[in-house]
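Residue numbers (this note's numbering), protein chains in the order written: chain A, 1 to 208; chain B, 1001 to 1208.
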DNA sequence: TGTATTACCAACCAATCGGTATCTTGTCAA
DNA sequence: TTGACAAGATACCGATTGGTTGGTAATACA
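Set out below in C-alpha cells:
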C-alpha cells in the first residue's frame, strides 16, 4: 500500500530536522514564556529530543535564542513585510494593504502573545548586547525598507515631498509595535484593530 | 550637635518604611530584569531586609509585583500624565508639552530600560490574569483621560470635529509605548526623540 | 505592668535551572 | 569492511529559585 519511503525519512538520524524541530519548539516556548523564562526541559519535552542532542546543535541557551531570531523570526518578517515593500512602487498603497492584512489576520494568538520581535526587544535589549544587536539588525532593515519605499513614492509623487522618509518610517514601525503591544494587554480585538486603523489614517496623511 | 531624633526614626521597627523600601527595591529590580527574572534574594540584598520580613508584608512574589504596579507605577503615571491632562482645556497644547518634556527628559535610564508599564505589559499580560487586569486599569485610565481631554478640546474647537477622541487616544498611547520600545532597542537618543517628534506631528494634525 | 499581636530573623527546603561528563550508535568516506 | 567523526542518549552537577519553618523581640493596648 505505502510507497517506498524516501531515503531522507528512512534514516534514523536527521540532524537538519532535529535542528529545525528544536528551533520551532524554542520559538513557541520563547513566544509563550519569554526567553529568560523559557525552559530547555520544556523545549525538549515538546520535541522528544534529548538534552545531549540539543547541546550538540547549540552551545548555550543564548545561542539557541539567537538562532531563533536569525532563522525563524527574521525570515518571517522578511517574507511578510520586506519583500512586498521592496517590490512596490506605491508605498502608501502597499503599507495600507499590509496593515489591512494584519487587521484581517488578527487572531487570538497574536492578541495574546504579541509580536515575537517586539517581545524579545523589550525583554532582552537591556540584558544582552548580542540579542540587542541581532534584533536591531532586523529593526533597522524594517525601517530602511519602508524609508526606501517612501523615497521611491516621493519620486513618483505618490508621497508628499515634505515628508521625511527616514523619520516617518521609524514612526510607522514604532506605531505597529505599539499597537500590537497595546492589544496584548487590552485583549480586545476591536481595540487592536481600531488602533491599527488609526495608523492607516496616519499613513494616508502622507499622500499629497 | 544633632537635633533630637524624631520618634519615627528612633524606633527600631518601622513597618511602613520597610514596605516602602521593599517596593522601591522591587521596582528597580523588576525594571532591570523583568518580573519573572527578578530575584527576591537580590531585592533583599539591596534593602538589607530579611526574607521573613518580606514575606510578612507580601504573601507571594506575585503580590509584591502587583503592589509595585499599584503603589509605584500607577502614581508615577498619574502625576506625570493624568493630572496635567485633566486640568488642561487645550489637549493638543498639553499633549505637545508633555511629549516635549518626555523628549527633553530622555536619559540613559529610560533609553536602556524603557517604560516600566510597557515592560510589564509585554512580559506578564499573557502569563498572569491578575497582572493583566491591574495593568489594564492603568492603561484604560490613560486612554480615557486623553479621550476626555480631546472631547473637551472639540467643545472648545481646539480639536477637529471629525476626530474620534477614543480612537485617537488609543493610538496616542500605543504610539508612545511604541516609541519608547523602539528606543530601547536602537539605544539611540536621536532615534527616540525623532520618533516622539513624529508623534507630535500626528497630534498637531488633530487641530483644526 | 501584663499580654496579645505585629514585625522580624536565620536556617532550611524541594524544585528547577542551565550545563556537563560519559557513553553508545548511526553515517559516510576510503 | 573499517576507522573516524558526527549525532544522540542518560545520568548527573552545583547554583539558584520562591517559599516555609520555628522562633525572638519590639510594640500597642488593656
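We put the beta carbon where it would ideally sit given N, CA and C, even for glycine.
Could you tell me how far apart the beta carbons of residue 1169/B and residue 1146/B are, in whole angstroms, since I believe they sit closer than 8 Å? Yes, they are in contact, since the Cβ atoms of residue 1169/B and residue 1146/B sit about 4 Å apart, within 8 Å.
Measuring straight from C-alpha to C-alpha, what distance separates residue 32/A and residue 49/A? Their Cα atoms are separated by approximately 20 Å.
Should residue 189/A be flagged as near chain B, meaning a C-beta pair shorter than 7 Å? False, the Cβ-Cβ gap to chain B never drops below 7 Å.
Anything in chain B within Cβ reach of residue 173/A, meaning under 7 Å, just list it in chain order. Per Cβ cutoff of 7 Å: 1182.
Of all the CB atoms in chain A, is at least one closer than 7 Å to the CB of residue 1134/B? Chain A, which has no Cβ nearer than 7 Å to the Cβ of residue 1134/B, makes this no.
How is residue 1133/B classed by DSSP in three states: helix, strand or coil? The answer is helix: DSSP assigns residue 1133/B an H, G or I state.
Closer than 9 Å by beta-carbon distance: list the chain B residues that pair up with residue 203/A, in chain order. Within chain B, no residue comes near residue 203/A; the closest Cβ sits about 11 Å away, beyond 9 Å.
Taking just the CA atoms, how far does residue 132/A sit from residue 143/A? Whole-angstrom Cα-Cα distance: 16 Å.
With C-beta atoms as the reference, is residue 72/A less than 7 Å away from residue 23/A? In this structure, residue 23/A lies closer than 7 Å to residue 72/A by Cβ.
Grab me the residues of residue 166/A's own chain with a C-beta within less than 6 Å of its C-beta, minus the 5 sequence neighbours each way, in chain order. Cβ within range, chain order: 147.
Does any residue of chain A bring its CB to less than 7 Å from the CB of residue 1065/B? Chain A contact via Cβ: absent.
Look at the alpha carbon of residue 1019/B and the alpha carbon of residue 1119/B, and state the distance between them as a whole number of angstroms. Cα atoms of residue 1019/B and residue 1119/B: separation of roughly 23 Å, rounded to the nearest angstrom.
Would you kindly work out how many angstroms separate the C-alpha atoms of residue 1207/B and residue 1158/B, rounded to a whole number? So the alpha carbons of these two residues sit roughly 6 Å apart.
Using 7 Å as the threshold, is the C-beta distance between residue 1034/B and residue 29/A below it? It is not a contact, given that the beta carbons lie outside the stated cut-off.
Can you confirm whether residue 1101/B, when its beta carbon is compared against all beta carbons of chain A, has any partner nearer than 7 Å? Residue-level contact check: residue 1101/B does not touch chain A, since none of the beta carbons of chain A fall below 7 Å from its beta carbon.
Alpha carbon of residue 197/A to alpha carbon of residue 77/A, nearest angstrom: Whole-angstrom Cα-Cα distance: 20 Å.
Measuring only between beta-carbons, confirm whether residue 1194/B sits less than 7 Å from chain A. With 7 Å as the cut-off, residue 1194/B counts as an interface residue toward chain A.
Is residue 83/A buried or exposed, if buried means 16 or more other CB atoms sit within 10 Å of its CB? Exposed, because fewer than 16 other Cβ atoms sit within 10 Å of the Cβ of residue 83/A.
Check whether chain A comes within 7 Å of residue 1179/B, counting only Cβ atoms and requiring the distance to be less than that. The beta carbon of residue 1179/B sits closer than 7 Å to some beta carbon of chain A.
For the pair the segment 1107-1121 of chain B and the segment 1179-1186 of chain B, tell me if three or more CB-CB distances fall below 8 Å. Yes, they touch.
Quick check on residue 1113/B - is its C-beta less than 7 Å from some C-beta in chain A? Yes, residue 1113/B lies at the interface with chain A (some Cβ there is under 7 Å from its Cβ).
Using the beta-carbon of each residue, which ones in chain A are nearer than 7 Å to residue 1014/B? Near residue 1014/B there are no residues of chain A at all, since even the closest Cβ is about 33 Å away, more than 7 Å.
For residue 1097/B, report the span of its alpha helix (DSSP H) as first-last. Counting along the chain, the alpha helix (DSSP H) containing residue 1097/B begins and ends at 1091-1104.
I'd like the ranges of any alpha helix (DSSP H) spanning at least 4 consecutive residues and lying wholly in the segment 105-171 of chain A. Complete alpha helix (DSSP H) runs here, min 4: 108-113, 116-124, 129-155.
Residues in the same chain with beta-carbon distance under 7 Å from residue 141/A, minus the five sequence neighbours each way, listed in chain order, please. Counting only residues of its own chain and dropping the five nearest sequence neighbours on each side, residue 141/A has a CB closer than 7 Å to the CB of 82.
For residue 1197/B, does the three-state DSSP call read helix, strand or coil? Looking at residue 1197/B - three-state DSSP - the assignment turns out to be helix.
Is any beta-carbon of chain A found at less than 7 Å from that of residue 1037/B? Chain A contact via Cβ: present.
Enumerate in chain order the residues of its own chain whose CB-to-CB distance from residue 99/A is below 7 Å, with the five nearest sequence positions on each side excluded. Take residue 99/A, set aside five residues on each side of it, and the residues of its chain with a beta-carbon closer than 7 Å to its own are 196, 199, 200, in chain order.
Figure out for me which residue from 189/A, 180/A, 160/A has the closest Cα to the Cα of residue 91/A. Minimum Cα distance to residue 91/A is reached at 160/A.
Nonlocal neighbours in the same chain, by C-beta distance under 8 Å from residue 1191/B, ignoring five residues either side: The answer, listed in chain order, is 1182, 1183.
So, does the CB of residue 89/A fall closer than 7 Å to a CB anywhere in chain B? Cβ-Cβ to chain B under 7 Å: no for residue 89/A.
Chain B contacts from the segment 69-81 of chain A (Cβ-Cβ distance under 7 Å): Under the 7 Å Cβ criterion, the segment 69-81 of chain A contributes no residue.
Below 7 Å between beta carbons is the criterion; list the residues of the segment 120-146 of chain A that meet it against any residue of chain B, in chain order. Considering only beta carbons, the part of the segment 120-146 of chain A lying closer than 7 Å to chain B consists of 121, 122, 123, 125, 126, 132, 135, 136, 139, in chain order.
Against chain B, with Cβ distances strictly below 7 Å, would residue 158/A count as a contact? No, because no Cβ of chain B sits closer than 7 Å to the Cβ of residue 158/A.
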